[in-house]
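Inspection log for the structure reproduced underneath, given as structure tokens.
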Amino acid sequence: MIEETIKTATEYFQNFFSYEYRKRGFLQSVDPRIKLLGLSALLLADVVTFEIPKIVFIALASLILAKLSDVGFKEILKRVWLFTFFSFLIVLPTTFFEGVYYPTSFTLRVFTALTVLQLIVLTTPFNELLQALRSFKLPETLVFSLGLTYGYIHMMFSELFRILIARESRRVKRSSYRELWSEGGKMLGTFFVRVLEKGENVYRAILLRGDKIRYYSKPFKVGRTETLFIIYVIFVLIWWIKM
Amino acid sequence: MHIPDGYLDMKIASLFYVLTAVVLGYSLYRIKRERVNWALAGITASAIFAAQMLNWPIPGGTSAHFVGGALAGILLGPYAGCIAMACVLIVQCLVFADGGITALGANVWNMGVVDVFVGYYIYRLLERRNKFLAGFFAGWIGITLAAIFAGLEIGLSTYFHYSVNVTVPIMGMWHAVLGIIEGFITGTVVNYIHTTRPDILEGREVKIGRTVWIALAVLIILSPLFAYLAELVNYSEPLENVAKYLGVSEHPIYEGILPDYTVPGLNPYVGTLVSGAVGVAIVFILALAISRSVSR
């Protein structure tokens, strides 16, 4: 069962990293730098207040952006429900001495913050995020390490998936639990050495090409979409202040 | 242990952003001067990313999972380890929405600074005795301290209506128990790497520098100052506060040799100092004895 779970998870992550979300919509076409700043402003507006109407307003404003970007409410709910529910459980005992307002507003804040974060995640490819972080003057070494980590995560999952498939294809008889665990331990060891050696080869190839990791970089633009997005965020924030 | 958005107030979140930025900045400065095995750094970070997916919730706190900060520190050294952990946490935050943007500073501080540096130095202290035990204690103590910091942050945050009296014990105790698994995994991996690819750990097997011993000595010498400061702000044990609040008192069945950290017949302050020194010596000698007997 454990092996099957690892295989399914590995398959999911391998696909996740191979095929990033490519839907086209409003937020997808906004410059990543402006999008990151604008959505961070909405996130801040959500986490600095406990007033339920203000939190609900930011949540609605975020869901409108999601709709415009072809990100379904179900998709967001699927990704945020667990931690929202978990946060609700954590603050639930305070109902007995503080009433229901605090647990409700706390849970709503977490739900809204997670929704805004999902908007960034679901509409921004990783290379654009790197580009945005670099343009915010984050040190080059840190951005390089981030790119390398992301690339190696992909490589690691694809290698693990191959090892699991190879192991399955070699199995001709039902093994005892003891044998399964022993084989599992050996497989993990082999996996580590294989991934490390492959990682070293990949890094040598990067060095041979003459530089570190190059990430696709689009020129900074403030077009009609960006202007619309900025106006929308400013409008939401002004309304939020006046509420 | 990933704190999401909405848990930390802006003061705590900003404070930990600043503290983390200082350590990350210094680590970046240091790794530019050191020869970093980037392939190993990338593999370690991605392996830790995968291992962190095993996650389970803790009531009254956040959640528990393999953190791997100590392992990163041991394999890569504290500075590259700190950067690798920061990368894992940034990818988790920006790609999987695991851990909040406003709480990113605190999350990197707990898992990328405290866990990495504490784990690394504990490993360095014990590695010559036994690799597995050194890795075990590094992983165990590293994650427990990181969890205590997470408890402090959410407990001190005005947005979170549980005080540190609740959050620190819950986070600390749960992770001290579950951290045994973290310690076991860290010890096993370090031991395995030492057997199959000792070249990875080579170069880190240097004698503990004078700086580490000086830092430890300074901490021990300064500890009475913290006791004095604690008295100035009327600090008392959270459990004692709870007992006072509930109107219960203790009925010890054995007073101990140094009851309540005092020496009978001696001034209480001097008695606390003496019992503290005795405690440090006992723990130190025990640790040395255990590691020596295992290394044989």
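Chains A and B, in that order, are what the protein sequence lines are.
Going by the working numbering, the first sequence opens with residue 926, and the numbers climb by one from there.
Going by the working numbering, the second sequence opens with residue 11, and the numbers climb by one from there.
Glycine residues also receive a C-beta, built at the ideal position from the N, C-alpha and C atoms.
As the structure is a computational prediction, the values presented were derived from the model and not from experiment.
- Every alpha helix (DSSP H) stretch that sits fully inside the region 1061-1117 of chain A and reaches 4 residues is listed by chain position as 1065-1095.
- Taking all protein chains in view, the Cβ of residue 1126/A is surrounded by fewer than 16 other Cβ atoms within 10 Å, so the residue is classified as exposed.
- Straight across, the Cα-Cα distance linking residue 1061/A with residue 100/B is about 15 Å.
- Here the alpha carbons of residue 1004/A and residue 1043/A stand approximately 8 Å from one another.
- Our two residues, residue 969/A and residue 131/B, have alpha carbons roughly 37 Å apart in a direct line.
- In the DSSP assignment, residue 175/B falls within the unbroken alpha helix (DSSP H) covering 174-206.
- Closest in C-alpha terms to residue 1120/A, from the list 32/B, 56/B, 23/B, comes 56/B.
- For residue 84/B against residue 145/B, the beta-carbon gap comes to about 6 Å, under 8 Å, which counts as contact.
- Within chain A, no residue has its CB atom less than 8 Å from the CB of residue 121/B, the nearest being about 14 Å off.
- Note that the region 162-179 of chain B does not touch the region 91-105 of chain B; fewer than 3 beta-carbon pairs, one per stretch, sit closer than 8 Å.
- At least one CB atom of chain B sits nearer than 8 Å to the CB of residue 1031/A.
- With a contact defined as Cβ atoms closer than 8 Å, residue 206/B and residue 1114/A qualify at about 7 Å.
- Taking residue 61/B as reference, the option from 172/B, 183/B, 171/B, 76/B with the minimal CA-CA separation is 76/B.
- With the criterion set as a beta carbon lying under 8 Å from some beta carbon of chain B, the region 980-992 of chain A has no members that meet it.
- Here residue 1049/A is near residue 960/A, since their CB atoms are less than 8 Å apart.
- Here residue 964/A is not near residue 983/A, since their CB atoms are 8 Å or more apart.
- Residue 176/B has its alpha-carbon roughly 38 Å from the corresponding atom of residue 1163/A.
- Between residue 935/A and residue 1019/A, the alpha-carbon positions lie close to 39 Å from each other.
- Between residue 1064/A and chain B, the shortest Cβ-Cβ separation is below 8 Å.
- When only Cα atoms are considered, residue 1029/A and residue 15/B end up about 15 Å apart.
- Chain B has no Cβ within less than 8 Å of the Cβ of residue 1088/A.
- The shortest C-alpha to C-alpha distance from residue 1045/A to any of 1146/A, 958/A, 1148/A is the one to 958/A.
- Three or more Cβ pairs drawn from the region 193-212 of chain B and the region 139-156 of chain B lie within less than 8 Å of each other, which places the two stretches in contact.
- Chain-ordered, the chain B residues with CB closer than 7 Å to the CB of residue 1038/A read 14, 15, 16, 110.
- Taking 8 Å as the cut-off, the beta carbon of residue 86/B is found closer than this to the beta carbon of residue 94/B.
- Per DSSP, residue 1147/A is not a residue of any alpha helix (DSSP H), being assigned neither H nor E.
- By the Cβ rule, the region 11-30 of chain B does not count as touching the region 45-59 of chain B, because fewer than three pairs are nearer than 8 Å.
- DSSP, reduced to helix, strand and coil, places residue 954/A within a helical segment of the structure shown.
- Of all residues in the region 1106-1126 of chain A, only 1114, 1118, 1120, 1121, 1124, 1125 come within less than 7 Å of chain B when Cβ atoms are compared, listed by chain position.
- Of all residues in the region 152-183 of chain B, only 169, 170, 171, 172 come within less than 9 Å of chain A when Cβ atoms are compared, listed by chain position.
- Taking C-alpha positions only, residue 151/B is separated from residue 128/B by approximately 8 Å.
- The Cβ of residue 127/B sits no closer than 8 Å to any Cβ of chain A.
- If you look at residue 17/B, you'll find it isn't in any alpha helix (DSSP H); DSSP assigns it neither H nor E.
- Distance from the Cα of residue 1128/A is smallest, within the candidate group 1151/A, 1077/A, 1148/A, 1083/A, for 1077/A.
- Pairwise C-beta distances place the region 987-1003 of chain A out of contact with the region 1051-1065 of chain A, as fewer than three of them are shorter than 8 Å.
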